[in-house]
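Since the structure comes first, as structure tokens, the remarks are kept for the end.
Chains as they are written, first to last, in this note's numbering: chain E, 33 to 386; chain X, 10 to 484.
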């Protein structure tokens, strides 16, 4: 819900369509970008790797948000598409010597094409059954990377080396420097996904999600738009996977990309707010930072209850995340983005908000 | 009312989140470090280096290896040329002590590290300097392994030695430790990660997995007539069940398989096992059985190996196959997991490249026993983890003292520690662990084969093949 103060109105259509409607908003955005790039340098050893992880996680979630949040197609294979993107970018860098500015978009195209293949069942099935179909991707792709084309994909080693980006003589392998690349890519994907939600494509996705029968009767090509959603989601996962691969300087099942990651992505989206622009940001930031909180709490509890230390250390983290997810589903199923919207609305409507 | 309450809860959680995450990566207090199973320090370099000149043809060198492992050289063999009293030397460690995979290392990991660091500091430290430990939790998550490493490398002074656990960490950090010149004492013994690049900084206390598997094949080939199941043919057909990871695939490298084929041993395609405490391997076991396997080798550990043993028993195949496992799978935690059914592991073979608690003639074992019993730890933790951890830290204590003697206090760098270890040729951890550093090697090249034998009350770790030189399956 967008609430504006009295007197704040648009004078022409172009202004209404702008993301940053007023000069003050543009200034704030620039200042925020500068702050995000500078602030982590005060505790680089922790924030640099964490921000990189948050950045590529947000990009993967943006793709999942398009597919699941907007188009209503559940996917349990987002992590496997990241794996495809990582391998694509790695192989193009290693064997063709392409720079990262080319390998990332090419990886996106490659992964999007793979995503189309696993989106084909959406013609016939939906809901839970479609989720099972995407689950197939989550099993097939990692298996293929370990058992097919072993000299190229690493085989049972589960990983191949990925070179660090080389541009302008900067040491991009340093986490803080790499974050600049990740942040720029994040800004681009954020603009793209925001524009998708505001265009015919996004409205068609929403129509498919809300009532596919009515959408079809209104002339929306269900299958076509579902495939587009799969393509976009997989492409963004490919971008995220490429960034992750170049950051970690390795790609393969040894670096994760498992079913647990795919499920965590869905959980992040629920917590952040499915179908919202802020959802991927809030979900990724919350869960990545909560990981450290869970470790800290687990150690604390192990110290407080030494007799149960072994059991606590083993089981606390998954219980903690499960509890967080349940609490959100009960008390705020629309996620943190909705809660943030309510805060904003309450602030703007003060003192009349209640 | 509910919304207001939830808003307050959310605000409190947000404040707590920011407060908790404002601090750098978790720092453990000094001496709170799990036992590193990697890296055995050469405690008595002059005595053990002579034992490194082993038979390169792969023949049994039990005497030389036993002598090396059985060194009872005094813990004070390295006389410090410098006094660093008042200084502190930090060892860095990253592992998964929390989460579903925490049982892999267990509590013995943390207990042993705490005990041995206290012991070292009580006995003069590292040339007078206090040994401390900085631990970072990783949950065995590669992203967290990299995050922890980045946190460590930013330390001042730069880390000299890093302990990691898990093949994922070994692979993720293999190039980083070379760039930063930090010695990585890894428990993840994946060949690709160790020797690629060739001049890497990754060292391991045990033999790489492919060497162990080839060694097990060699043992089978030489002793098949005595150990084969009743009714089994003379042809050895080995099935490997490994975790779906680099660790699980670490045994069946092309080099190891080629070696097996050179001995006329058939190795079936690898059967993957999910890394989960409730994974089901019945399908894998049955597939191997149907393909004629008369040997099943578990390239897993902890609950993974326990699952294989339990499944083979449950399917009634125990008398039809020989069951063996890699060194980390031949550990007390597997028996602890089996619990009341411990006896079903009777007859399992395991690669064993270090000493055991029963080798009480070894100084390292004596020290470990003294520490273990004085601390009153539960018997369930009297495992390989505790023993090798104590040994590894004792080893590093002396490697660092040797480095200080050679290069001086300002020369205590990762590059110099690496050079010291390489110059030693053979590095042992108070006789318990052994690390061969000759000829570009950065891992052990010898092992025993032991077998679990149930005596009615407990499981004995019986030596069935004393230390022998393992085939070299490096690429």
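Quick reminder that beta carbons are idealized off the backbone N, C-alpha and C, glycines included.
Could you round the C-beta distance between residue i and residue j to whole angstroms and report it? I think they count as a contact, below 8 Å.
i                      : j                      : result
residue 377 of chain X : residue 396 of chain X : 5 Å
residue 70 of chain E  : residue 162 of chain E : Contact doesn't hold; Cβ gap of about 44 Å is too wide.
residue 248 of chain X : residue 277 of chain X : 5 Å
residue 491 of chain X : residue 179 of chain X : Summary: the structure shown does not reach residue 491 of chain X, with chain X confined to residues 10 through 484, and so no result is reported for it.
residue 334 of chain X : residue 320 of chain X : Incorrect: roughly 13 Å between the Cβ atoms, too far for contact.
residue 148 of chain E : residue 265 of chain E : Contact doesn't hold; Cβ gap of about 11 Å is too wide.
residue 111 of chain X : residue 346 of chain E : 4 Å
residue 98 of chain E  : residue 225 of chain E : 6 Å
residue 246 of chain X : residue 301 of chain X : 5 Å
Give me, in chain order, the residues of the same chain whose beta-carbon lies closer than 8 Å to that of residue i; leave out the 5 immediate sequence neighbours on both sides.
i                      : result
residue 424 of chain X : 190
residue 214 of chain E : 83, 84, 87, 88, 275, 279
residue 329 of chain X : 238, 240, 241, 298, 303
residue 300 of chain E : 89, 93, 312, 315, 316, 318, 319
residue 384 of chain X : 120, 124
Determine the chain E residues that contact residue i at a beta-carbon separation under 8 Å, and present them in chain order.
i                      : result
residue 213 of chain X : Within chain E, no residue comes near residue 213 of chain X; the closest Cβ sits about 16 Å away, beyond 8 Å.
residue 469 of chain X : Residues of chain E passing the Cβ test: none, with the nearest at roughly 26 Å.
residue 254 of chain X : 190, 285, 286
residue 448 of chain X : Those within 8 Å of residue 448 of chain X in chain E number zero; the least Cβ separation is about 23 Å.
Looking at residue j and residue i, is the spacing between their C-beta atoms short of 7 Å?
i                      : j                      : result
residue 252 of chain E : residue 239 of chain E : yes
residue 107 of chain X : residue 380 of chain E : no
residue 277 of chain E : residue 121 of chain E : yes
residue 281 of chain X : residue 253 of chain X : yes
residue 312 of chain E : residue 170 of chain E : no
residue 316 of chain X : residue 288 of chain X : yes
residue 170 of chain X : residue 405 of chain X : yes
residue 5 of chain X   : residue 250 of chain X : In the structure as shown, chain X begins at 10 and stops at 484. Residue 5 of chain X is therefore absent and cannot be evaluated.
residue 372 of chain X : residue 440 of chain X : yes
residue 204 of chain X : residue 192 of chain X : no
residue 255 of chain E : residue 155 of chain E : yes
residue 329 of chain E : residue 101 of chain E : no
residue 139 of chain X : residue 132 of chain X : no
residue 81 of chain E  : residue 159 of chain X : yes
residue 226 of chain X : residue 274 of chain X : yes
residue 310 of chain E : residue 236 of chain E : no
Within a Cβ cutoff of 7 Å, which residues of the same chain sit near residue i, ignoring the five residues on either side of it in sequence?
i                      : result
residue 92 of chain E  : 110, 114, 268, 269, 272, 297
residue 67 of chain X  : Confidence in residue 67 of chain X is poor, its pLDDT being 36 and thus under 50, which makes the residue's placement unreliable; the coordinate value appears in the next sentence. For residue 67 of chain X, where only same-chain residues beyond five positions count, the Cβ hits under 7 Å are 478, 480.
residue 459 of chain X : 339, 359, 361, 470, 471, 472, 473
residue 429 of chain X : 408, 411, 412, 415
residue 118 of chain E : 273, 274, 276, 277, 283
residue 489 of chain X : Outside the displayed range of chain X (10 to 484) lies residue 489 of chain X, so it cannot be described from this structure.
residue 258 of chain X : 251, 279
List, in order along the chain, the chain X residues whose C-beta lies closer than 8 Å to that of residue i?
i                      : result
residue 327 of chain E : 35, 107, 146, 148
residue 187 of chain E : 258
residue 251 of chain E : Within chain X, no residue comes near residue 251 of chain E; the closest Cβ sits about 40 Å away, beyond 8 Å.
residue 207 of chain E : 159
residue 280 of chain E : 151, 152, 155, 181
residue 348 of chain E : 107
residue 307 of chain E : Those do not exist, as residue 307 of chain E stays about 20 Å from chain X at its closest Cβ, beyond 8 Å.
Residues of chain X with a CB under 7 Å from the CB of residue i: which are they?
i                      : result
residue 126 of chain E : Those within 7 Å of residue 126 of chain E in chain X number zero; the least Cβ separation is about 14 Å.
residue 81 of chain E  : 155, 156, 159
residue 345 of chain E : 106, 107, 111
Keeping to the same chain, check which residues put their C-beta closer than 6 Å to that of residue i; ignore five residues upstream and five downstream.
i                      : result
residue 36 of chain X  : Bear in mind that the predicted position of residue 36 of chain X carries a pLDDT of just 34, short of 50, making it unreliable; the figure below should be weighed with that in mind. The answer, listed in chain order, is 143.
residue 58 of chain E  : 52
residue 213 of chain X : 47, 195, 198, 452
residue 121 of chain X : 44, 395, 398, 399
residue 204 of chain E : 196, 197, 210
residue 265 of chain X : 219, 222, 223, 482
Quick one: list the residues of chain E neighbouring residue i, beta-carbon separation under 7 Å, in chain order.
i                      : result
residue 279 of chain X : 188
residue 376 of chain X : Chain E residues near residue 376 of chain X: none, gap ~25 Å exceeds 7 Å.
Using a C-beta to C-beta distance shorter than 9 Å, which residues of chain X count as neighbours of residue i?
i                     : result
residue 64 of chain E : Going along chain X, no residue has its Cβ under 9 Å from residue 64 of chain E, so there is no contact; the nearest lies around 17 Å.
residue 69 of chain E : None at all; the shortest Cβ gap to chain X is about 18 Å.
Which chain E residues sit within Cβ distance under 9 Å of residue i?
i                      : result
residue 261 of chain X : 188
residue 177 of chain X : 190, 191, 286, 287, 288
Quiz item: Any contact of the region 463–470 of chain X with the region 353–362 of chain X, i.e. 3+ C-beta pairs under 8 Å?
Solution: Three or more pairs of CB atoms, one per stretch, sit closer than 8 Å, so the region 463–470 of chain X contacts the region 353–362 of chain X.
Practice problem: Decide yes or no for the touch test of the region 254–269 of chain E against the region 328–341 of chain E: beta carbon pairs closer than 8 Å, at least 3 of them. | Solution: no
Quiz item: Quick check: the region 203–219 of chain X against the region 313–327 of chain E, are there 3 or more CB pairs under 8 Å?
Solution: no
Quiz prompt | Cβ contact (3+ pairs, closer than 8 Å) linking the region 189–209 of chain E and the region 116–133 of chain E | solution = Touching, yes, given that three or more Cβ pairs across the two stretches are closer than 8 Å.
Quiz item: Does the count of Cβ pairs from the region 284–294 of chain E and the region 172–179 of chain E closer than 8 Å reach three?
Solution: yes
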